[in-house]
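In what follows, a single structure is set out as structure tokens and then discussed.
Number of protein chains: 2
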Amino acid sequence: MGKKVKAALIIIGDEILSGRTKDANLNFLANWLNGVGIILDEVRVIPDVAERIINNVNDCRSRFDYLFTTGGIGPTHDDITAVNIAKAFGVALTLNEDAKKMLADAMGTDNLTPARLKMAMIPEGASLIKNPVSAAPGFQMENVFVLAGIPVVMQGMLLDIEHRISGGAKILSKALHVYAGESIFADVLVEIENSYEYLSIGSYPFYKAGSYGATFILRTVMENELNQAFSELQDKISKKGYESFEGEALQGKN
Amino acid sequence: MGKKVKAALIIIGDEILSGRTKDANLNFLANWLNGVGIILDEVRVIPDVAERIINNVNDCRSRFDYLFTTGGIGPTHDDITAVNIAKAFGVALTLNEDAKKMLADAMGTDNLTPARLKMAMIPEGASLIKNPVSAAPGFQMENVFVLAGIPVVMQGMLLDIEHRISGGAKILSKALHVYAGESIFADVLVEIENSYEYLSIGSYPFYKAGSYGATFILRTVMENELNQAFSELQDKISKKGYESFEGEALQGKN
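Chains as they are written, first to last, in our numbering: chain A, 1 to 254; chain B, 255 to 508.
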């Protein structure tokens, strides 16, 4: 059993809070972190306001093994993430020559306007995170990874992060669906969960195409626990007179 | 000018953090709140853990005019929102006779199993929020609205909330798109934003169908400000030699 490694995500952006834009980074990052054995344990969505960025970054970077931020590293006046990460760490924001070169290589030196050069202003002591899509880099300060908000750019930046982090024991999971109310199985779920050391079972009702039911998600770091508990749940559902179906968790339900 | 009325949302659910389920409530609630003149100012996604629920609820209910929670009010062992809201307020969780009647009317008294009756356990002093979809109610404690996590149920519950809240001045907005890098207009955006009292301008780059560009969102509570600033921005973009297009913010970008 490795220790649990936990991460937080801070989504910085008025456009998510106003409802104009649907965030796509939470779900992608959650799955990506799962794949490297890290648990996403908290997400915050906050506006483009200096003190909110500073306070939330300082709170989360001390409480979690890793902190990711998305948004606010572009060239315009409302992109204030980098300067406030610098403030959170108590360091200066300076022109980073490597970042400047990345921009110059992509856009041409003649096109390095003051607005674009803003994207090369990086907190002192940070290491850059490559942006394979649009050149302007993200950066890492200690356990904090500062990424772009545009999903395709954020996802591209993750390619330059995987080797910098280390996860814990990987969480394994299986899903079982029934077309019946979850309350019928409430006793069974508690009984099974309590009889295994690391197992947790989540119960998620759904309404889909006119029928309703529930998905039970079994999660544990121990493969033998997972398989035993899964069989036990199948049996107990069957003994109550219901059919169950193994499968992926249904997307779109909540 | 009315005062700004601000709300927070706490999404309670391991299934969102694990990536199994894509949250759909944030975006819906953001738009719904906009429509009643309330600003969604912070969102948190936290796991089904007692102390995390208690601490986050107490933090957010004191900092914001309204707090909404989604998730964790079903019949199974992992549904622990109600009991922890009671703890956050320092009140008992008791069987609510009105809630019990709602369940009995929908399911029949004979079907009120112990698991289902759990959904009628409500913090003392709360007022119920009707659930037009599946009967089990949400509830309101002071400025905190506790809602279901299933999107269709959450949305149904909002019908019983609108008359209980009061918003501030409604925020008006307009969007303008250009097919050019946002950095070209960085100076213009600052200049215009600074010359109006309540106006804020957000700049959001996009990549779409092989072309890239930026969307500028102007937001203010003053209609005359909005119209003047919008015309001014159109003129200044045109003077830089670019065409702009009025329209809705592009969904899917970030």
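For each residue, glycine too, the CB sits at the ideal point set by N, CA and C.
Handout entry: Alpha-carbon spacing of residue 25 of chain A relative to residue 68 of chain A, whole angstroms
Key = So the alpha carbons of these two residues sit roughly 11 Å apart.
Handout entry: Contacts around residue 318 of chain B, its chain only, beta-carbon distance under 6 Å, and the 5 residues preceding and following it disregarded
Key = The residues are 260, 261, 262.
Exercise for the section: Please confirm if the segment 409 to 416 of chain B is in contact with the segment 362 to 376 of chain B, defined as three or more CB-CB distances below 8 Å between the two stretches. Expected result: Result no; under three Cβ-Cβ pairs closer than 8 Å.
Problem - Residues bridged to residue 299 of chain B (per DSSP) - result: For residue 299 of chain B, the pairing in a beta bridge is given by DSSP as A:43, B:265.
Exercise for the section: Classify residue 87 of chain A as buried or exposed, calling it buried when 16 or more other Cβ atoms lie within 10 Å of its own Cβ. Expected result: Around the beta carbon of residue 87 of chain A, 16 or more other beta carbons sit within 10 angstroms, so the residue counts as buried.
Practice task
Note the first and the last residue of the continuous beta strand (DSSP E) segment covering residue 456 of chain B.
Solution key: Looking at the DSSP string, the run of the beta strand (DSSP E) that includes residue 456 of chain B is 454 to 462.
Practice task
Measuring only between beta-carbons, confirm whether residue 353 of chain B sits less than 8 Å from chain A.
Solution key: With 8 Å as the cut-off, residue 353 of chain B does not count as an interface residue toward chain A.
Handout entry: Boundaries of the alpha helix (DSSP H) in which residue 392 of chain B is found, first to last residue
Key = Residue 392 of chain B -> not in any alpha helix (DSSP H); beta strand (DSSP E) instead, spanning 392 to 395.
Exercise for the section: Quick one: residues in its chain with C-beta nearer than 6 Å to the C-beta of residue 386 of chain B, no 5 flanking neighbours on either side, listed in chain order? Expected result: The answer, listed in chain order, is 410.
Practice task
Give every residue of the same chain whose Cβ lies closer than 7 Å to the Cβ of residue 125 of chain A, excluding the five residues on either side of it in the sequence, and list them in chain order.
Solution key: If we look at residue 125 of chain A and ignore the five residues flanking it on each side, its Cβ neighbours are 91, 141.
Handout entry: Residue-chain proximity (residue 485 of chain B, chain A), Cβ-Cβ < 8 Å
Key = So, not an interface residue.
Practice task
Would you be able to state if there are at least three C-beta pairs under 8 Å between the segment 470 to 483 of chain B and the segment 413 to 427 of chain B?
Solution key: Yes, the segment 413 to 427 of chain B is in contact with the segment 470 to 483 of chain B.
Handout entry: Proximity of residue 358 of chain B and residue 391 of chain B at Cβ, strictly below 8 Å
Key = Cβ atoms of residue 358 of chain B and residue 391 of chain B: not closer than 8 Å.
Exercise for the section: Would you verify that the beta carbon of residue 244 of chain A is, or is not, closer than 8 Å to some beta carbon of chain B? Expected result: No, its Cβ sits nowhere closer than 8 Å to a Cβ of chain B.
Exercise for the section: Enumerate in chain order the residues of its own chain whose CB-to-CB distance from residue 415 of chain B is below 7 Å, with the five nearest sequence positions on each side excluded. Expected result: 383, 399, listed in sequence order.
Practice task
For the segment 114 to 132 of chain A, enumerate the residues whose C-beta is nearer than 7 Å to any C-beta of chain B, in chain order.
Solution key: Taking 7 Å as the Cβ-Cβ cut-off against chain B, the residues of the segment 114 to 132 of chain A that qualify are 115, 116.
Problem - Residues within the segment 289 to 310 of chain B neighbouring chain A, beta-carbon criterion of under 7 Å - result: Hits within the stretch, in order: 294, 295, 296, 297, 298, 299, 300, 301.
Exercise for the section: Return the residue from the list A:15, A:39, A:12, A:207 that minimises the CA-CA distance to residue 3 of chain A. Expected result: It is A:39.
Handout entry: residue 229 of chain A burial status per 10 Å Cβ neighbour count (16 or more: buried)
Key = Only buried fits residue 229 of chain A, as 16 or more other CB atoms lie within 10 angstroms of its CB.
Problem - Among A:10, A:81, A:46, nearest to residue 61 of chain A - alpha-carbon criterion - result: Nearest neighbour of residue 61 of chain A by Cα position, chosen from A:10, A:81, A:46, turns out to be A:10.
Practice task
Could you tell me if residue 163 of chain A is buried or exposed, where buried requires 16 or more neighbouring beta carbons within 10 angstroms of its beta carbon?
Solution key: Under this definition residue 163 of chain A is an exposed residue.
Handout entry: Members of the segment 266 to 277 of chain B near chain A, C-beta cut-off 8 Å
Key = Taken in chain order, the members of the segment 266 to 277 of chain B whose beta-carbon sits within less than 8 Å of a beta-carbon on chain A are 267, 268, 269, 270, 271, 272, 273, 274, 275, 276, 277.
Practice task
Spell out the partners DSSP gives residue 431 of chain B in its beta bridges.
Solution key: Looking at the DSSP output, residue 431 of chain B bridges to B:469, B:499.
Practice task
With 9 Å as the limit, tell me which residues of the segment 59 to 90 of chain A have their beta carbon closer than that to any beta carbon of chain B; keep them in chain order.
Solution key: Answer in chain order: 70, 71, 74, 75, 76, 77, 78, 79.
Exercise for the section: Could you give the DSSP three-state label for residue 335 of chain B: helix, strand or coil? Expected result: Correct three-state label for residue 335 of chain B: helix.
Practice task
Using a threshold of 8 Å, state whether the C-beta atoms of residue 300 of chain B and residue 266 of chain B are closer than that.
Solution key: Yes.
Exercise for the section: Report yes if the CB atom of residue 454 of chain B is closer than 8 Å to the CB atom of residue 468 of chain B, and no otherwise. Expected result: Result no, Cβ atoms of residue 454 of chain B and residue 468 of chain B do not sit closer than 8 Å.
Exercise for the section: Using 10 angstroms around the beta-carbon of residue 324 of chain B, count the other beta-carbons present and answer buried if the total reaches 16, otherwise exposed. Expected result: Buried: at least 16 other Cβ atoms inside 10 Å.
Handout entry: Status (buried if at least 16 other CB within 10 Å, exposed otherwise) for residue 238 of chain A
Key = The residue is exposed, with fewer than 16 neighbouring Cβ atoms inside 10 Å.
Handout entry: 6 Å Cβ shell around residue 422 of chain B - same chain, five flanking residues per side excluded
Key = A distance below 6 Å between beta-carbons, with the five flanking residues on each side excluded, links residue 422 of chain B to the following residues of its chain, in chain order: 256, 257, 258, 259, 291.
Problem - Option nearest residue 139 of chain A by Cα separation, candidates A:149, A:225, A:76, A:127 - result: Residue A:127 is the option with its Cα nearest to residue 139 of chain A.
Problem - Partner residues on chain B for residue 179 of chain A, Cβ-Cβ distance less than 8 Å - result: Residue 179 of chain A does not reach chain B, its nearest Cβ partner there being about 15 Å away, counting only Cβ pairs nearer than 8 Å.
Handout entry: Closer than 8 Å at the beta carbon, the chain B residues around residue 166 of chain A
Key = Neighbourhood of residue 166 of chain A in chain B, by CB distance below 8 Å: empty, with the nearest CB roughly 19 Å away.
Problem - Positions along the segment 140 to 155 of chain A whose CB lies within less than 7 Å of some CB in chain B - result: Those residues of the segment 140 to 155 of chain A that come within reach of chain B (Cβ to Cβ, closer than 7 Å) are 149, 150, 151, 152.
Practice task
Taking only the alpha-carbon atoms, compute the straight-line gap between residue 33 of chain A and residue 277 of chain B and give it to the nearest angstrom.
Solution key: Rounded to the nearest angstrom, the two C-alpha atoms are 17 Å apart.
Exercise for the section: Pick helix, strand or coil for residue 381 of chain B, following the three-state DSSP scheme. Expected result: DSSP places residue 381 of chain B in strand when its eight states are reduced to three.
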